Amino acid sequence: MTNLIAKTAIDKRLAEIVQPLIEGLGFELVRLRLMGGKHPTLQIMADKPEGGIEVDDCAKISSALSAVLDVEDPIEEEYALEVSSPGIDRPLTRLKDFAAWADYEAKIETDQLIDGRKRFKGALKGIEGDEILIEIPEGTIGLKFDWLVEAKLVLTDELISEMLKARKVAGFNEADFDEIETEQTPEKETP
Numbered sequence: 007m008t009n010l011i012a013k014t015a016i017d018k019r020l021a022e023i024v025q026p027l028i029e030g031l032g033f034e035l036v037r038l039r040l041m042g043g044k045h046p047t048l049q050i051m052a053d054k055p056e057g058g059i060e061v062d063d064c065a066k067i068s069s070a071l072s073a074v075l076d077v078e079d080p081i082e083e084e085y086a087l088e089v090s091s092p093g094i095d096r097p098l099t100r101l102k103d104f105a106a107w108a109d110y111e112a113k114i115e116t117d118q119l120i121d122g123r124k125r126f127k128g129a130l131k132g133i134e135g136d137e138i139l140i141e142i143p144e145g146t147i148g149l150k151f152d153w154l155v156e157a158k159l160v161l162t163d164e165l166i167s168e169m170l171k172a173r174k175v176a177g178f179n180e181a182d183f184d185e186i187e188t189e190q191t192p193e194k195e196t197p
């Protein structure tokens, strides 16, 4: 079975360690990647089952994971731990994601040539059994979940609008995030 949450052997081993902990805290593991060479980063994307993970949630997950990973010590070299939300243009890593995000635009890559191509972009139309349905210009097609290599939502005005509506319903005040503090560097005087 395709595993879009964790692809490589080390990612899968790390997922075995972190997934039960994340689920025990009431969250879901969306994706895990150990990236980089000399200074690797362990990137973990998590979400609430109903969506809407917050910064404090990510900090809670990060603290819990740090303690477990320090004991288990699955990564030989020093690394940075990054816990985040999946973001608006989130990766689609589980079969249920394709049902949850039906009618939104996605980019999908397969490991199989299908009618001479491996990349597809179109509106998700849900799932049927082990196939994800996507509407492309030629019509709606089914792609076996096991064929998928990569899948993610496409950032569109509609998606942004829906996310902002969902945040408003959830009680987020976007005005709280409008102020950005920057450090001002004094201008040099010209002689």
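Be aware that the sequence shown starts at 7, since it is given in our numbering, and climbs by one per residue. Ideal placement from N, C-alpha and C gives every residue a C-beta, glycine not left out. None of the values given here were measured: they were computed from a predicted structure.
{"Asked": "Roughly how many angstroms lie between the CA atoms of D62 and V155, to the nearest whole one?", "Found": "31 Å"}
{"Asked": "Given a cut-off of 9 Å on the beta-carbon distance, is the pair E144 and L130 in contact?", "Found": "no"}
{"Asked": "Report the residue from P92, W153, E137 whose alpha carbon sits nearest the alpha carbon of V160.", "Found": "P92"}
{"Asked": "How far does the alpha helix (DSSP H) with A172 in it reach, from first residue to last?", "Found": "163 to 175"}
{"Asked": "Pairs of beta-carbons, one from the region 67 to 79 and one from the region 26 to 37, closer than 8 Å: are there three or more?", "Found": "yes"}
{"Asked": "In whole angstroms, what separates the C-alpha of V77 from that of S90?", "Found": "22 Å"}
{"Asked": "Is F144 helix, strand or coil when you go by DSSP?", "Found": "Note that residue 144 is Glu in the sequence shown, not Phe. Correct three-state label for E144: coil."}
{"Asked": "Rank I81, A172, A65 by C-alpha distance to the C-alpha of K44 and give the top, closest one.", "Found": "I81"}
{"Asked": "Is M199 buried or exposed, if buried means 16 or more other CB atoms sit within 10 Å of its CB?", "Found": "Lying outside 7 to 197, the shown extent of the chain, residue 199 is not represented and no answer is given."}
{"Asked": "Answer yes or no: do L149 and E137 have a C-beta to C-beta separation smaller than 9 Å?", "Found": "yes"}
{"Asked": "So is I94 buried or exposed if we call it buried at 16+ other beta carbons inside 10 Å?", "Found": "exposed"}
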